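What follows is a set of notes on a single structure, which appears directly below.
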Amino acid sequence: MEVIITPDPASAASLAAGQLAAQLQAKPSCVLGLATGNTMVGIYAELARRHRQEQLDFSRATTFNLDEYVGLAPGHPCSYASFMRTHLFDQVNLDPRRINLPDGMTADVPGFCAHYEQAIEAAGGIDLQLLGIGRDGHIGFNEPSSSLGSRTRIKTLTPLTRTSNRRHFPPGDDVPMHVLTMGVATIMEARRCVLVALGAAKAAAVKAAVEGPVSAMCPASALQWHPRCTFILDEAAAGELALADYYRFAHEHRPAWQR
Ligand code: F6R
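For the sequence shown, the tail end lands on 342 under the numbering used here, and the numbers increase by one without skipping.
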C-alpha cells in the first residue's frame with residue numbers, strides 16, 4: 084500500500100487527476116471506476132481542465148460509477164448521475180454509450196446488480212478505481228459490517244452517512260435510506276485503486292483503514308489486501324497516522340522507476 088501525503092486539498096486533487104490522466108494515456112480504452120462526493124469535485128475539475136487545455140482524451144474510455152441512491156432517477160438533481168454530469172460527463176468527451184451507473188429506479192434490484200457485475204466483467208474489468216472514504220470507513224457505500232466478499236447490491240446507509248450527505252439535499256428533502264453500491268469484493272478486483280481523503284473529519288477513518296486491523300467494521304481496511312492501492316491524503320486527513328513520517332520519507336526516496 085502506498086500512502087502519499089500532500090500539503091493541501093488542491094495538491095491531492097491534482098495528484099489524483101494525474102493518476103487518472105496517466106491511466107488514460109497509457110491505455111485510451113481503459114475502464115475507470117468513478118466515485119462521487121465532495122472529495123471528487125476538485126479531481127474532476129482538474130480532469131476537465133486537462134481535457135480543455137491539454138486535450139486529455141476520454142473518447143475510448145468506459146466508466147462505471149460505484150453507487151446511486153435507490154429511488155432517485157438519473158434526472159433528479161441530487162442523484163449521483165446528476166453529480167457526474169455536472170462535474171465530469173458534460174465537461175469531457177466520454178462516449179455516453181460507455182458510461183455506466185447503477186440504476187436507482189430499477190424494479191429488479193438483484194437482477195440489475197447481477198447485470199452490473201456482468202457488465203464490468205464484459206468490459207474487461209476495472210483498470211483504475213477512484214475511491215473516497217466515509218467518516219465511518221465506508222468505500223462505495225459499503226458501510227461498517229459490510230462483507231469484505233460483497234458484490235454489487237442494495238445497502239442501507241448509516242445515520243452518520245445520511246447526516247453527512249444531508250448538505251447535498253434541499254431543506255425538507257430526505258436523504259434516501261438505501262443505495263445500490265459495488266461491493267467490497269467488486270472494488271478489490273480493480274487492477275488499481277486510488278483512494279483520496281481530505282480534511283480532519285476523515286483522519287480517524289484513514290487511520291483505521293491504513294493502520295488498523297483488516298475488519299468489516301472499516302470496509303476501507305480491506306484495501307490493505309490490494310496489491311496496487313494508493314492513498315492520497317492531505318495533511319489534515321493524515322493527521323492521525325502513526326507512520327506519517329515514514330510514508331513521507333518513503334515517497335520522497337522512492338526509486339526512479341516508481342516515479
Ligand atoms: C460516493 C462514494 C462514497 C464517498 C464518501 C466520501 O460515490 O463512493 O464512498 O466517496 O462518502 O464522500 P465525500 O467526498 O463527500 O466526503
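By construction, the Cβ of each residue, glycine as well, lies at the ideal position given by its N, Cα and C atoms. If you're wondering where the values come from, they're calculated on a predicted model, not measured in any experiment.
- request: Can you have a look at Q106 and say buried or exposed, based on whether 16 or more other CB atoms are within 10 angstroms of its CB?
  value: By the beta-carbon neighbour count (other beta carbons within 10 angstroms, threshold 16), Q106 is buried.
message: Assuming I270 is part of the beta strand (DSSP E), what are its boundary residues?
response: Counting along the chain, I270 falls outside any beta strand (DSSP E), though it belongs to the alpha helix (DSSP H) covering V267 to M271.
Contact check, Q212 vs A292, beta carbons under 8 Å: It is not a contact, given that the beta carbons lie outside the stated cut-off.
message: Considering only DSSP beta bridges, list what N225 is partnered with.
response: For N225, which the question treats as bridged, DSSP gives the partners I222.
- request: Indicate the three-state DSSP secondary structure (helix, strand or coil) for L130 in the structure shown.
  value: In the structure shown, L130 sits in a helix (DSSP, three-state: H, G or I).
message: Would you call the segment 192–210 in contact with the segment 256–272, where contact means no fewer than 3 C-beta pairs closer than 8 Å?
response: Yes: the two stretches touch, three or more of their Cβ pairs being nearer than 8 Å.
Beta-carbon contacts of A280 that lie in its chain and below 6 Å, excluding the five residues immediately before and after: Cβ within range, chain order: I216, V289, L316 and A320.
query: Using the C-alpha atoms, what's the distance from T246 back to L240?
result: Cα-Cα distance, rounded: 10 Å.
- request: Would you give the residue range spanned by the beta strand (DSSP E) that Q212 belongs to?
  value: L211 to L214 is the span of the beta strand (DSSP E), which, as asked, contains Q212.
message: Quick check: the Cα distance between D91 and A325, rounded to an integer number of angstroms?
response: The straight-line gap from Cα to Cα measures roughly 19 Å.
- request: Could you check if H336 is buried or exposed, using at least 16 other CB atoms within 10 Å of its CB as the buried criterion?
  value: With fewer than 16 other Cβ atoms from the protein chains shown falling within 10 Å of its own Cβ, H336 counts as exposed.
- prompt: Tell me which same chain residues have a C-beta within less than 7 Å of the C-beta of Q307, skipping the five on either side of it?
  reply: M84 and V297, listed in sequence order.
task: Run through the segment 241–318 for me and flag every whole beta strand (DSSP E) of 3 or more residues, listed as ranges in chain order.
output: Complete beta strand (DSSP E) runs here, min 3: 261–264, 276–280 and 312–317.
- prompt: Measuring from the CB of T269, is there a heavy atom of ligand 1 at a distance below 7 Å?
  reply: In this structure, T269 has its CB at a distance of at least 7 Å from all heavy atoms of ligand 1.
- request: Using DSSP bridges, identify the partner residues of V86.
  value: DSSP output for V86 lists F314 as bridge partner(s).
- prompt: Is L243 near ligand 1, in the sense that its beta carbon is under 7 Å from a heavy atom of that ligand?
  reply: Result no, Cβ not under 7 Å from ligand 1.
message: Can you tell me where the beta strand (DSSP E) holding G116 begins and where it ends?
response: For G116, the enclosing beta strand (DSSP E) stretches over residues V114 to L117.
- prompt: Buried or exposed: N176, going by 16 or more other Cβ atoms within 10 Å of its Cβ?
  reply: Result: exposed.
query: Would you say F224 touches ligand 1, meaning its beta carbon is less than 7 Å from a heavy atom?
result: Under cutoff, so the answer is yes.
- prompt: DSSP puts I182 in a beta bridge; with which residues?
  reply: DSSP lists T146 as partners of I182.
query: Curious, which full-length alpha helix (DSSP H) runs of at least 4 residues does the segment 154–205 contain?
result: The qualifying runs are 163–167 and 192–205.
- request: Determine, using beta carbons only, whether L278 and L214 come nearer to each other than 8 Å.
  value: Yes.
Helix, strand or coil at E323 [DSSP, three-state]: Residue state for E323 is assigned as coil, using DSSP reduced to three classes.
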